[in-house]
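This report refers to the structure that appears directly beneath it.
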Amino acid sequence: MAKRRKVSNPLALAVLAQLLMGPLHPYEIGRRLTLQDKGRNIKYTRGSLYMVVEQLAKAGFISEDGTVRDTQRPERTIYALTEDGKAELYDWLRDLVARPEHEFPKFGVALSLLVVLPPAEAVELLGRRRDALTLETEEIRADVKASVDGGLEWVFVVEEEYRLAVLDAEIRFVTTLVEQLGKPEYVRKWQEMFEGET
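Numbering (full-length UniProt numbering), first residue to last: 1 to 198.
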């Protein structure tokens, strides 16, 4: 069972990791997350980022470390990682890396109810999904290659390599499922179960 966290939003983990490199104000944290394309794995908005910063400060994981003002913007509070925050970052990250946790993807819901769709329609829809997945993998591969060719160390795109492995597995799964749904014996059984229901 996953440990109960004082701040459980995954965005908080990203904020703690950014502050490990030194004190920052929330705007700069957001800018770095955008530059690093962390939005592919962590949902956030400017508002949610500031809310998480407040929660982390309240939990004692970060603390105010001064202010900065440039001529164009209002004064901004800079935050630094506390020792408790550093401990939380490492504990949380180690937990996520080491312990598999069941997630509830929407596609899993669709698969659990797939039987209600007529086989031909399910095959057509899954074919569209496979095409979209294939296009997505091509785009990710191109982005990863460009990043690595541009001098970025592979470890900084490892989450994209993981995403590619998951997408490739899903493409193989969908391809096999399409074949199974198209078999005459499945179509016949489906018609027997749902005759007159569609």
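Glycine included, every Cβ here is placed at the ideal spot set by N, Cα and C.
- By the Cβ rule, the segment 9 to 19 counts as touching the segment 81 to 93, because three or more pairs are nearer than 8 Å.
- Contact between leucine 181 and alanine 110 is ruled out by a C-beta separation of about 13 Å, above the 8 Å threshold.
- In the structure shown, leucine 117 falls within a coil segment according to DSSP collapsed to helix, strand and coil.
- Annotation for lysine 3: Asp95 place their beta carbon closer than 7 Å to its own, counting only its chain and skipping 5 residues before and after.
- Going by C-alpha positions, aspartate 131 is about 49 Å away from valine 68.
- When Trp190, Arg163, Thr176 and Met193 are compared, the shortest CA-CA separation from asparagine 41 is found for Arg163.
- One alpha carbon belongs to threonine 134, the other to leucine 177, and they sit about 16 Å apart.
- Residue environment analysis places tryptophan 154 among the exposed positions, since fewer than 16 neighbouring C-beta atoms fall within 10 angstroms of its C-beta.
- By the Cβ-count criterion, glutamine 72 is exposed, with fewer than 16 other Cβ atoms from all chains shown falling within 10 Å of its own Cβ.
- By the neighbour-count criterion, in which 16 or more other beta carbons inside 10 Å mark a residue as buried, leucine 35 falls on the exposed side.
- Taking all protein chains in view, the Cβ of glycine 127 is surrounded by fewer than 16 other Cβ atoms within 10 Å, so the residue is classified as exposed.
- About 5 Å separates the beta carbons of isoleucine 78 and glycine 66, which is inside the 8 Å limit, making them a contact pair.
- DSSP assignment within the UniProt domain "Transcription regulator PadR N-terminal" (15 to 89) yields the following whole alpha helix (DSSP H) runs of 4 residues or more, N-terminal first: 26 to 35 and 46 to 59.
- Taking the Cα of proline 118 as reference, the smallest distance to any Cα among Glu195, Lys43, Thr82 and Gln55 is reached at Glu195.
- Within its own chain, the residues whose Cβ lies closer than 7 Å to the Cβ of glutamate 170, once the five positions on either side in sequence are excluded, are Leu133, listed in chain order.
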